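52 is the number that the working numbering gives to position 23 of the sequence shown; each next residue is one higher, with no gaps.
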Amino acid sequence: MSSVVLGVDLGTGGARAVALARSGSVRLWMYEPFAGADSWPAGRAAPAAWLDGLGRLLARVDEAGLPVAAVGVGGQSPTTVPLLHDQSRDPVGWAATCRHPAGIGLDRTGQHLAQLEFLSHEAGRPLAGAQIWDWALRCLGAGDIQGLWPGEEAIAGYGERVEVGAIIGHCDGSLGLRAGTPLVSASNDAYMSFWAGGLGTPRRGHDPGGRTGGLGVAVDAAQRPVEIPGYFSPVAGVEVVGGPTNGHGQLLEWWSATSGRSIEELLTLAGSVEPGAGGLLVLPYHDGERAPRWESRLRGEIHGLTFDTGAAEIARAVLEAAGYGLRHVHEELRSAGVEMDVMCCGGSPALSRLWCSIKASVLEVAVDMPERPEQLSAHGCALAAGAALDWWEGVGAASMDSWPLADMTRIEPGPDEAYQANYERFVELGDAAVARLDRPV
Numbered sequence: 030m031s032s033v034v035l036g037v038d039l040g041t042g043g044a045r046a047v048a049l050a051r052s053g054s055v056r057l058w059m060y061e062p063f064a065g066a067d068s069w070p071a072g073r074a075a076p077a078a079w080l081d082g083l084g085r086l087l088a089r090v091d092e093a094g095l096p097v098a099a100v101g102v103g104g105q106s107p108t109t110v111p112l113l114h115d116q117s118r119d120p121v122g123w124a125a126t127c128r129h130p131a132g133i134g135l136d137r138t139g140q141h142l143a144q145l146e147f148l149s150h151e152a153g154r155p156l157a158g159a160q161i162w163d164w165a166l167r168c169l170g171a172g173d174i175q176g177l178w179p180g181e182e183a184i185a186g187y188g189e190r191v192e193v194g195a196i197i198g199h200c201d202g203s204l205g206l207r208a209g210t211p212l213v214s215a216s217n218d219a220y221m222s223f224w225a226g227g228l229g230t231p232r233r234g235h236d237p238g239g240r241t242g243g244l245g246v247a248v249d250a251a252q253r254p255v256e257i258p259g260y261f262s263p264v265a266g267v268e269v270v271g272g273p274t275n276g277h278g279q280l281l282e283w284w285s286a287t288s289g290r291s292i293e294e295l296l297t298l299a300g301s302v303e304p305g306a307g308g309l310l311v312l313p314y315h316d317g318e319r320a321p322r323w324e325s326r327l328r329g330e331i332h333g334l335t336f337d338t339g340a341a342e343i344a345r346a347v348l349e350a351a352g353y354g355l356r357h358v359h360e361e362l363r364s365a366g367v368e369m370d371v372m373c374c375g376g377s378p379a380l381s382r383l384w385c386s387i388k389a390s391v392l393e394v395a396v397d398m399p400e401r402p403e404q405l406s407a408h409g410c411a412l413a414a415g416a417a418l419d420w421w422e423g424v425g426a427a428s429m430d431s432w433p434l435a436d437m438t439r440i441e442p443g444p445d446e447a448y449q450a451n452y453e454r455f456v457e458l459g460d461a462a463v464a465r466l467d468r469p470v
């Protein structure tokens, strides 16, 4: 049987993996939930459960009889695994995840360092730190490395810098993976999702979805507005601008838990409500706002409640709020001259065609819906593993031509006056909420 490269994405509640053949065909999609994740303290995670989930994925590949040529691992960020020293595999208690309050509002490096400071204080001694995917690769036999996307700042004390697609060691036989299997560094889930989603053409956008979400738009590097910071896309000469948001899949999870209805039921109910949710509007700032205001003190609000408001209307308003948040980032970019013609939607939210169509109509751009949007980051990790073996080109290629990217379905927008009116209210109400923060009580 022909060999495959395995891409693994260590997420919030589980591990996802894609087994990709050299031909580009997907041989296996996999998901393994992390045991006990539902009961973890907010912003914390049990590293042993991450490792257990990774081991179960590797066992499934073995059971399928697929020879693994290389393994690439990426995951959620910023997340810090606390370690006694920089060569250790054994974590010191709970990890701090991207939802932990330490460093919220800081850049990626600042948040990691704030997490490590918190964890060291908690342990009562200085600790070393590692990104989740670097630690997982170390547990398979890699050394003290720090896997980064091109242009990312290295974090002091988190290992030696290596970039996406580099072989950083070989498996020592741990977790049942064949000894000698090349281990390949990937990076954070957003970047890997960008790669698999084809974010290498100017005017193409990408929403990585997931529990938080955000918007990145590809621009010609030579034409990027100087006032907007950019970062590398997978293609040479193309950069990505934009920013992350907070209100996305996690918002729907909140309404599911609060209403006592399943997410599937809420999506069905939302589909029965007309665009604009009857004037109901949600400000999705339950955990503060990231782009474009970067105001962590904001909190969620619901406007327009009446005695006729039910679970369906709130569900619809939650879906639309994610679209308004993306459009807010998009409008800020447009004001600086950055345009977007099409946006790829990734993560579990993109499993809903309704949600993808709402985003298309709110932003008034076409949306590409991947065949398996929740697996985009894992697919990107598989691309990194294949690039390390020269099966195709790596990050920094002149074009996307050699990469077996995810299959997409195009959804055209259906602009609606209700969306336009609600978007304008969304921005006005958000501005008013910011103004209240420093107003004397």
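Even glycine gets a Cβ: it sits at the ideal position worked out from N, Cα and C. Remember, it's a predicted structure, so these values are computed and weren't measured experimentally.
- Within the segment 198-280, the complete alpha helix (DSSP H) segments of 4 residues or longer fall at 218-225, listed in chain order.
- Counting C-beta pairs with one atom in each stretch, the segment 33-40 and the segment 82-102 have three or more that are closer than 8 Å, which means they touch.
- The beta-carbon separation of L281 and L295, rounded to 7 Å, stays under the 8 Å limit for a contact.
- In the DSSP assignment, L39 falls within the beta strand (DSSP E) that extends over V33 to L39.
- Going by DSSP, D397 is part of the beta strand (DSSP E) stretching over A395 to P399.
- Note that the C-beta distance between I292 and S301 is not below 8 Å.
- If you compare the alpha carbons of I196, A195, P211 and L49 with that of G202, the shortest gap goes to P211.
- Assignment of L434 by DSSP, reduced to helix, strand and coil, places it in the coil class.
- Annotation: D316 to R128 spans about 9 Å, alpha carbon to alpha carbon.
- About 5 Å separates the CB atoms of L348 and W384; that is less than 8 Å, so the two are in contact.
- Straight-line measurement puts the Cα of A413 at about 16 Å from the Cα of A265.
- Cβ-Cβ distances below 6 Å link M221 to G103, A215, S406, G409 and C410 in the same chain, with the five nearest sequence neighbours on each side left out; the list follows chain order.
- For I343, the enclosing alpha helix (DSSP H) starts and ends at A340 to S364.
- In the structure shown, R85 adopts helical secondary structure according to DSSP, grouped into three states.
- Counting C-beta atoms within 10 angstroms of its own C-beta, E181 has 16 or more neighbours from the protein chains shown and is therefore classed as buried.
- Comparing C-alpha distances from A416 to each of V193, D119 and S381 shows the shortest one belongs to V193.
- Its chain contains S31, V33 and R56 as the residues whose beta carbon lies nearer than 7 Å to that of A50, once the 5 sequence neighbours on both sides are disregarded; these appear in chain order.
- Contact check between the segment 268-278 and the segment 239-250: three or more CB pairs, one atom from each, fall below 8 Å, which counts as touching.
- Out of D115, R45 and A447, the CA that lies nearest to the CA of Q160 is found in D115.
- Contact between G239 and S377 holds: their C-beta atoms lie close to 7 Å from each other, under 8 Å.
- DSSP places Q105 outside both helix and strand once states are collapsed to three, so it counts as coil.
- Here DSSP, grouped into helix, strand and coil, assigns Y452 to helix.
- With a contact defined as Cβ atoms closer than 8 Å, H359 and V456 miss out at about 12 Å.
- Within the same chain, and ignoring the five residues on either side of V463 in sequence, the residues whose Cβ sits closer than 8 Å to its Cβ are R322, E324 and L327.
- The criterion of a C-beta distance shorter than 8 Å is not satisfied by P433 and E393.
- Contact annotation: the segment 124-141 does not touch the segment 166-175, with fewer than three C-beta pairs closer than 8 Å.
- Around the CB of R319, 16 or more other CB atoms lie within 10 Å, so the residue is classed as buried.
- Between P237 and A219, the C-beta spacing is below 8 Å.
- In this structure, the beta-carbon distance from Y314 to G352 does not fall below 8 Å.
- Residue pairing by DSSP puts E330 in a beta bridge opposite L312.
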